[in-house]
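Quick note on numbering: the numbering used here labels position 129 of the sequence shown as 129, and the sequence is numbered without any gaps. Even for Gly, the Cβ is constructed at its ideal location relative to N, Cα and C. A quick note: this is a predicted structure, and the numbers were derived from the prediction, not measured.
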Amino acid sequence: MFTLPSLPYADNALDPVISANTISFHHGKHHKTYVDNLNNLVKGNEFEGKSLEAIVQASAGKADKAAVFNNAAQVWNHTFYWNSLKHGGGGKPGAKLASMIDAAFGSFDEFRKQLSATSVSQFGSGWGWLVVEGGALKVVKTANAEVPFTRGQKPLLTIDVWEHAYYLDHQNKRAAYVDAVIDKLLNWGFAEDNLGRA
Ligand code: MN
Numbered sequence: 001m002f003t004l005p006s007l008p009y010a011d012n013a014l015d016p017v018i019s020a021n022t023i024s025f026h027h028g029k030h031h032k033t034y035v036d037n038l039n040n041l042v043k044g045n046e047f048e049g050k051s052l053e054a055i056v057q058a059s060a061g062k063a064d065k066a067a068v069f070n071n072a073a074q075v076w077n078h079t080f081y082w083n084s085l086k087h088g089g090g091g092k093p094g095a096k097l098a099s100m101i102d103a104a105f106g107s108f109d110e111f112r113k114q115l116s117a118t119s120v121s122q123f124g125s126g127w128g129w130l131v132v133e134g135g136a137l138k139v140v141k142t143a144n145a146e147v148p149f150t151r152g153q154k155p156l157l158t159i160d161v162w163e164h165a166y167y168l169d170h171q172n173k174r175a176a177y178v179d180a181v182i183d184k185l186l187n188w189g190f191a192e193d194n195l196g197r198a
């Protein structure tokens, strides 16, 4: 059985960019519903007992397993998202990641611009990501529940751009939410931990 992971901080730790009210719905309702749905969907079939990552990989791209994929990937995405944020985040990463960002994007400001533009331009629901592919950093977006690791990209950080992530606090202003997340909440220590994992 999968369980809803606890948040790695208090429910008001991300306020005012992401309020405790948003967290109560986003973590307590949306994320929890994906966990509950997944447990029901894997009961008594070939997915039961597999790891979350294995379920995502095994169901990706299979039309008859779309419900399993969507719920498994959304459980994974949301846990990754909560860890991608922290109170007092933002700023710049440490030297190793900073130099990789300079190599890939030219400068931190250019990286920041691309992560913002890519996340804001995802049409409809989805996610903005910083990933590693072939040893190089990239900014990518995915639709709905799609995850980069099924396409050989290792995620370092993500920003949820589903409307439920920002509508209570920012209404239709996705760019205001995305920019505030980048500048005030991104957890570069988490990105560095992910980079370190081969
Ligand atoms: Mn979400």
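Identity of the residues DSSP links to residue i by a beta bridge
i    : result
V132 : L137, K154
A143 : G126
I159 : G128
L185 : Its beta-bridge partners do not exist; DSSP assigns none.
Whether residue i touches residue j by CB criterion (7 Å)
i    : j    : result
A60  : F69  : yes
K141 : V17  : no
I4   : K32  : It is Leu, not Ile, that sits at residue 4 in the sequence shown. Yes, these two residues count as a Cβ contact at 7 Å.
S116 : V178 : yes
S84  : T158 : yes
L82  : S125 : Note on identity: in this sequence residue 82 is Trp, with Leu being the wrong assignment. No. Outside cutoff.
V147 : Q114 : no
L137 : A191 : no
N71  : N45  : no
K55  : R112 : Before going on, a small fix: residue 55 reads as Ile here, not Lys. No.
Cα-Cα separation, residue i to residue j
i    : j    : result
F2   : Q153 : 25 Å
H78  : A145 : 10 Å
D102 : E110 : 9 Å
N172 : Y166 : 8 Å
A180 : S121 : 16 Å
D15  : K96  : 29 Å
S119 : G128 : 4 Å
L130 : P155 : 6 Å
N39  : K92  : 38 Å
S99  : W76  : 28 Å
G196 : G106 : 22 Å
H30  : F108 : 33 Å
S24  : V132 : 31 Å
A176 : D169 : 10 Å
Q57  : D193 : 22 Å
Y9   : G189 : 15 Å
H164 : G94  : 31 Å
Same chain only: Cβ atoms within 7 Å of residue i, ignoring 5 sequence neighbours per side
i    : result
E48  : V42
A67  : L41
R223 : Within the shown structure, residues of the chain are numbered from 1 to 198, placing residue 223 beyond reach of any answer.
L52  : F2, A72, V75, W76
Close-in-space but distant-in-sequence residues of the same chain around residue i (CB under 6 Å, 5 per side omitted)
i    : result
A20  : D11, N12
G134 : none
Sequence-distant residues of the same chain with beta carbon closer than 8 Å to residue i, five excluded per side
i    : result
N187 : N83, S84, L85, K86, G89, L157
H27  : L4, L7, D11, H78, W82
F80  : P155, T158
(Q) Give the list of continuous alpha helix (DSSP H) stretches no shorter than 4 residues that lie fully inside the stretch 10-45. (A) If one requires a minimum length of 4 residues, the alpha helix (DSSP H) runs lying completely within the stretch 10-45 are 20-25, 32-42, in chain order.
Q | Segments assigned alpha helix (DSSP H), at least 4 residues, entirely inside the stretch 80-133 | A | Runs of alpha helix (DSSP H) with 4 or more residues, each lying fully within the stretch 80-133, are found at 95-105, 108-121, listed in chain order.
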